[in-house]
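If you read the sequences in order, they're chains A and B.
Be aware that the first sequence starts at 58, since it is given in my numbering, and climbs by one per residue.
Be aware that the second sequence starts at 17, since it is given in my numbering, and climbs by one per residue.
See structure below.
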Amino acid sequence: MRTVGLCASLGAAARLWRGLGGLPGIDLRLLLFGAGMLGRARRAEPADWRLAARLFVTRRLAATRRGLDHPATLAWLHARRPEIGLYASAALCPRPVIDGFARGVLRLHLGLLPEYRGRSAMEWSILEGRPTGVTVYFLDAGIDTGREIVLRREVPIGPGPDLAAAVRRLARREAEFFREALVRLRSPGYRPFEHDGRGRRFYAMSRLFGGVVEEAAAISRASGACT
Amino acid sequence: MTGGGPLRSLLRTALARRRRELASLLNGPPGAASRDPIPGGSAAGEDPEETLRRLMVVEWPAVRRAPQDGAARDAYLARVACLEEAARGTDARFLDAWNLAYEAIASWPAALREEGAARRTLERYAALLDHHLAALAGAA
Numbered sequence: 058m059r060t061v062g063l064c065a066s067l068g069a070a071a072r073l074w075r076g077l078g079g080l081p082g083i084d085l086r087l088l089l090f091g092a093g094m095l096g097r098a099r100r101a102e103p104a105d106w107r108l109a110a111r112l113f114v115t116r117r118l119a120a121t122r123r124g125l126d127h128p129a130t131l132a133w134l135h136a137r138r139p140e141i142g143l144y145a146s147a148a149l150c151p152r153p154v155i156d157g158f159a160r161g162v163l164r165l166h167l168g169l170l171p172e173y174r175g176r177s178a179m180e181w182s183i184l185e186g187r188p189t190g191v192t193v194y195f196l197d198a199g200i201d202t203g204r205e206i207v208l209r210r211e212v213p214i215g216p217g218p219d220l221a222a223a224v225r226r227l228a229r230r231e232a233e234f235f236r237e238a239l240v241r242l243r244s245p246g247y248r249p250f251e252h253d254g255r256g257r258r259f260y261a262m263s264r265l266f267g268g269v270v271e272e273a274a275a276i277s278r279a280s281g282a283c284t
Numbered sequence: 017m018t019g020g021g022p023l024r025s026l027l028r029t030a031l032a033r034r035r036r037e038l039a040s041l042l043n044g045p046p047g048a049a050s051r052d053p054i055p056g057g058s059a060a061g062e063d064p065e066e067t068l069r070r071l072m073v074v075e076w077p078a079v080r081r082a083p084q085d086g087a088a089r090d091a092y093l094a095r096v097a098c099l100e101e102a103a104r105g106t107d108a109r110f111l112d113a114w115n116l117a118y119e120a121i122a123s124w125p126a127a128l129r130e131e132g133a134a135r136r137t138l139e140r141y142a143a144l145l146d147h148h149l150a151a152l153a154g155a156a
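Now the structure itself:
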């Protein structure tokens with residue numbers, strides 16, 4: 058299955074390769090894109106740089122400072138006739154990019170869909186006393202409204218100095234969740250979770266509620282309970 | 017408004033603390049909230065979900081970028097006012113729109129905070145906090 062990881066940072070590209078590079082039946086290429094990509098790359102680990110250099114030489118990794126929807130970037134994508142995209146960026150994925158993949162583009166959402174769409178989904182789940190988790194789904198033009206949900210898994214907020222750090226660490230596990238989604242997608246008898254339109258869209262959380270969530274998560278961690 | 021006893025307790029404590037901060041900002045005792053309408057603050061016929069979306073996607077980012085822009089402030093505060101009724105309900109997103117409005121206004125220079133619409137927003141926010149504190153006390 059021709060798969061392209063669309064990565065806004067070198068770190069994400071390295072994690073995707075390490076997590077998915079050897080997955081049977083997956084022909085993985087990586088595209089590092091965007092104007093901010095170089096700045097983020099300077100902060101990458103030396104091991105990530107070495108891996109990136111090796112992948113670049115073997116043509117598994119390409120890089121462009123242009124956006125994904127630039128004609129040259131789209132042409133590069135189309136030439137590879139990709140089936141599945143793995144979207145590793147916080148920005149919205151342009152529609153022409155999604156349309157360029159035969160099967161679609163998968164994205165990791167830090168929150169359980171369809172209930173918690175939009176921003177700060179983890180935090181809102183905690184505030185409402187609901188389980189936290191992650192979802193891998195096929196993008197559409199909306200905000201977390203893609204109808205085909207491939208993976209939906211409850212994941213407790215792990216240990217960390219604060220909730221933001223724990224959420225960041227969870228986000229860096231994107232390769233693990235993409236891998237699980239790809240395996241599930243290719244398994245015989247695969248049946249997606251249907252996004253039935255339930256749920257609400259959430260937005261940035263205030264400092265007031267953010268503080269409540271932080272305290273609730275700290276209590277949960279201290280008591281050993283899974284949030 | 018949220019599930020779970022410990023969460024309710026944390027929430028009650030946080031809202032009470034915010035209410036005291038707000039009273040201090042308004043230079044008045046808690047419970048002195050105004051009943052005057054805010055100009056532009058009518059929710060009649062509007063879908064609160066769409067109002068919240070426009071507020072958070074359009075007006076809130078605009079006023080954060082340029083709080084000195086009077087038109088952006090007016091548009092933002094008028095939109096917040098449209099969510100007053102929804103913010104009395106159980107969906108915490110709507111009260112949080114007011115929490116964010118308070119946090120925005122509190123960061124503005126005193127002269128802007130004292131403008132009519134900003135001050136009335138804070139007064140209505142005080143009434144909302146009183147409403148939820150009473151509801152949380154009743155549920156305890």
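Quick reminder that beta carbons are idealized off the backbone N, C-alpha and C, glycines included.
It should be emphasised that the depicted structure is a prediction, and the values quoted were computed from it without experimental measurement.
With residue i as the anchor, note down where its alpha helix (DSSP H) starts and where it stops.
i: arginine 152 of chain A; result: 152 to 156
i: aspartate 201 of chain A; result: Note, aspartate 201 of chain A: premise wrong, no alpha helix (DSSP H); not H, not E.
i: aspartate 253 of chain A; result: Aspartate 253 of chain A -> no alpha helix (DSSP H), and no H or E assigned at all.
i: threonine 29 of chain B; result: 21 to 42
i: arginine 226 of chain A; result: 220 to 228
i: arginine 129 of chain B; result: 126 to 129
i: cysteine 241 of chain A; result: Contrary to the premise, residue 241 of chain A reads as arginine rather than cysteine in this sequence. Its alpha helix (DSSP H) spans residues 231 to 243.
i: leucine 67 of chain A; result: 67 to 77
i: arginine 264 of chain A; result: 264 to 280
i: leucine 184 of chain A; result: 178 to 184
Taking only the alpha-carbon atoms, compute the straight-line gap between residue i and residue j and give it to the nearest angstrom.
i: glycine 161 of chain A; j: proline 188 of chain A; result: 28 Å
i: alanine 120 of chain A; j: leucine 131 of chain A; result: 13 Å
i: leucine 152 of chain B; j: valine 269 of chain A; result: 15 Å
i: proline 171 of chain A; j: glutamate 251 of chain A; result: 9 Å
i: leucine 93 of chain B; j: tyrosine 141 of chain B; result: 12 Å
i: alanine 228 of chain A; j: tryptophan 133 of chain A; result: 27 Å
i: serine 146 of chain A; j: serine 263 of chain A; result: 24 Å
i: proline 139 of chain A; j: arginine 230 of chain A; result: 23 Å
i: tyrosine 247 of chain A; j: arginine 241 of chain A; result: 6 Å
i: glycine 57 of chain B; j: proline 103 of chain A; result: Bear in mind that the predicted position of glycine 57 of chain B carries a pLDDT of just 48, short of 50, making it unreliable; the figure below should be weighed with that in mind. Their Cα atoms are separated by approximately 55 Å.
i: alanine 97 of chain B; j: alanine 91 of chain B; result: 10 Å
i: threonine 284 of chain A; j: glycine 21 of chain B; result: In this prediction, threonine 284 of chain A has a pLDDT of 43, which is less than 50 and means its spatial position is unreliable; nothing more can be read from the coordinates.
i: leucine 112 of chain A; j: aspartate 197 of chain A; result: 30 Å
i: valine 224 of chain A; j: alanine 261 of chain A; result: 15 Å
i: alanine 232 of chain A; j: isoleucine 141 of chain A; result: 14 Å
i: leucine 169 of chain A; j: arginine 136 of chain B; result: 37 Å
i: phenylalanine 259 of chain A; j: phenylalanine 110 of chain B; result: 10 Å
i: aspartate 52 of chain B; j: glycine 132 of chain B; result: Note that aspartate 52 of chain B scores a pLDDT of 46, beneath 50, so its modelled location is shaky and nothing firm can be said.
i: alanine 82 of chain B; j: arginine 24 of chain B; result: 35 Å
i: alanine 298 of chain A; j: proline 216 of chain A; result: This structure cannot speak to residue 298 of chain A, because chain A is shown only from 58 to 284.
i: alanine 274 of chain A; j: alanine 109 of chain A; result: 36 Å
i: alanine 59 of chain B; j: leucine 68 of chain B; result: Annotation note: pLDDT 49 at alanine 59 of chain B (below 50); position unreliable, no value reported.
i: alanine 69 of chain A; j: arginine 35 of chain B; result: 43 Å
i: serine 123 of chain B; j: isoleucine 200 of chain A; result: 30 Å
i: serine 277 of chain A; j: proline 128 of chain A; result: 49 Å
i: glutamate 62 of chain B; j: arginine 257 of chain A; result: 17 Å
Under DSSP, the beta strand (DSSP E) around residue i begins and ends at which residues?
i: isoleucine 206 of chain A; result: 205 to 211
i: leucine 88 of chain A; result: 84 to 89
i: leucine 152 of chain B; result: Looking at the DSSP string, leucine 152 of chain B is not in any beta strand (DSSP E); the run it does join, the alpha helix (DSSP H), is 132 to 155.
i: glycine 190 of chain A; result: 190 to 195
i: leucine 63 of chain A; result: 59 to 64
With the cut-off set at 8 Å, would you say residue i and residue j are in Cβ contact?
i: arginine 89 of chain B; j: valine 79 of chain B; result: yes
i: leucine 165 of chain A; j: valine 207 of chain A; result: no
i: alanine 108 of chain B; j: leucine 184 of chain A; result: yes
i: leucine 67 of chain A; j: alanine 98 of chain A; result: yes
i: leucine 128 of chain B; j: alanine 120 of chain B; result: no
i: tyrosine 194 of chain A; j: serine 182 of chain A; result: no
i: arginine 122 of chain A; j: arginine 86 of chain A; result: no
i: leucine 26 of chain B; j: glutamate 139 of chain B; result: no
i: aspartate 84 of chain A; j: arginine 59 of chain A; result: yes
i: alanine 113 of chain B; j: leucine 144 of chain B; result: no
i: alanine 65 of chain A; j: alanine 148 of chain A; result: yes
i: glutamate 205 of chain A; j: proline 249 of chain A; result: yes
i: leucine 118 of chain A; j: leucine 89 of chain A; result: yes
i: leucine 99 of chain B; j: proline 64 of chain B; result: yes
i: glutamate 75 of chain B; j: arginine 95 of chain B; result: yes
i: glutamate 272 of chain A; j: aspartate 219 of chain A; result: no
i: leucine 143 of chain A; j: leucine 163 of chain A; result: yes
i: glycine 82 of chain A; j: arginine 243 of chain A; result: yes
i: aspartate 105 of chain A; j: alanine 159 of chain A; result: no
Do the segment 224 to 243 of chain A and the segment 61 to 78 of chain A touch if we need at least three Cβ pairs shorter than 8 Å? yes
List in chain order: all unbroken alpha helix (DSSP H) runs of 4+ residues lying wholly within the segment 96 to 176 of chain A. 103 to 114, 128 to 136, 152 to 156
Ranges of the alpha helix (DSSP H) found wholly within the segment 63 to 117 of chain B, counting only runs of at least 4: The segment 63 to 117 of chain B contains, as complete alpha helix (DSSP H) runs of 4+ residues, the segments 64 to 70, 76 to 81, 86 to 98, 100 to 103 (chain order).
Taking one C-beta from the segment 23 to 34 of chain B and one from the segment 142 to 151 of chain B each time, how about it: are there three or more such pairs within less than 8 Å? yes
When the Cβ atoms of the segment 138 to 155 of chain A are set against those of the segment 166 to 184 of chain A, are three or more pairs found closer than 8 Å? The segment 138 to 155 of chain A, when compared against the segment 166 to 184 of chain A, does not touch it at the 8 Å Cβ threshold.
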